[in-house]
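Residue numbers (the numbering used here): 11 to 385. All C-beta atoms, glycine included, are put in the ideal place defined by N, C-alpha and C. Note that the structure is predicted; figures quoted are calculated from it, not measured.
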């Protein structure tokens, strides 16, 4: 049986809660901020995984930390599952309400509370998106580098420990979150740490909660690191005859200590899809996209170092005069191309997954139809 033919198996934990009373109390508490509309609930459970989407019983549109606290306390009273919701850009079913319960929409908690350019950090609410923050920061000379491809909320990025193609230099969310405020399952509000780099005061709760997907608490405030916008950003692209050759190149780049800021690998099928979608004319072979950050002299040095590494790759890894990197280039045009392909590739993956699951449903319906005809 293929993976697509398997159905989701959920152990019966015998969740019992008084749905009617929970909905009544939430409606009384939040009024228009609480919805049980089917269309609204459907918007808060969509998933592109192989598993079917299951609806929450209601959606609370939280405006502040107190709204989150009240929702958690009511849900605890009636033993309702809780699903935090950002902008819904996740592809892996993080917001799928497997047991029903209440979805807490944090989109309206979208304020940038404080920015300290001198200390290089910002304090934001969970509904702030990556693009919103960087637009706000552009006059400060700072930026937030984590780029998962979609314009995700920072709360969602923190909850899933998101990363992106520039994780090779800037790390993941776990490396860039300094402190959190969370509402715990009992309704208590905690702050996980201060801004000190070194602390021996107990467990590292910040790194524990980052990536916990809302299972340990609901994030209501995030303190994150900021970085100076590089003086020069240069992009490059290299094609390879095989994925293995491209992988060997990446390994040698890292081992050689080249401070590359962004790396992304596309196979020939992805390149072909990007060509068709964006009307590009890239060679339809494994493609490595690179980006270098720094001063003008350091970026030039990094690019030259990479070119020298190319000669080593040809002579040592391939043990012969074969051309491993069939095409190399760099410049502002390629930097734009790198960003474009990064986001286009995400869109194409979503479209592909949607097609696969629609086709799966068609196959299932066809199989049932044949079975019915036999009867």
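If you look at residue 284, you'll find it in the alpha helix (DSSP H) that goes 278-288. Between the region 290-303 and the region 259-275 there are three or more C-beta pairs closer than 8 Å, enough to call the two in contact. Between residue 166 and residue 97, the C-beta spacing is below 8 Å. With respect to the C-alpha of residue 131, the residue from 78, 204, 169, 312 having the closest C-alpha is 204.
With respect to residue 153, residue 213 sits apart: the two C-beta atoms are not nearer than 8 Å.
In the DSSP assignment, residue 244 falls within the beta strand (DSSP E) that extends over 242-249. Residue pairing from DSSP places residue 199 in a beta bridge opposite 193. With a cutoff of 8 Å on beta-carbon distance, residue 176 and residue 259 are scored as not near each other. Taking the C-beta atoms as reference points, residue 253 is found no nearer than 8 Å to residue 315.
Where residue 76 is concerned, there is no enclosing beta strand (DSSP E), although the alpha helix (DSSP H) around it starts and stops at 75-87.
Sequence-distant Cβ neighbours of residue 83 in its own chain, meaning closer than 7 Å and more than five residues away, are 197. Taking the Cβ atoms as the reference, residue 173 lies roughly 25 Å from residue 200, outside the contact range of under 8 Å. With contacts defined by Cβ atoms closer than 8 Å, residue 66 and residue 93 form a contacting pair. The DSSP-derived three-state label of residue 308 is helix. For residue 161, the closest C-alpha among the options 139, 206, 233, 279 is that of 139. Rounded to the nearest whole angstrom, the CA to CA distance from residue 301 to residue 125 is 27 Å.
Of 233, 194, 285, 222, the smallest CA-CA separation from residue 206 is found for 233.
Between residue 312 and residue 304, the C-beta spacing is below 8 Å. A straight-line Cα-Cα distance of about 42 Å links residue 95 and residue 251. Excluding five sequence positions before and after residue 85, the CB atoms of its chain that fall closer than 6 Å to its own CB belong to 92, 112, given in chain order. The Cβ atoms of residue 168 and residue 220 sit closer than 8 Å to each other. Beta-bridge analysis with DSSP links residue 110 to 108.
For residue 213, no beta strand (DSSP E) encloses it, and the DSSP letter there is neither H nor E. In the three-state scheme derived from DSSP, where H, G and I count as helix and E and B as strand, residue 172 is classed as coil. The DSSP-derived three-state label of residue 49 is helix.
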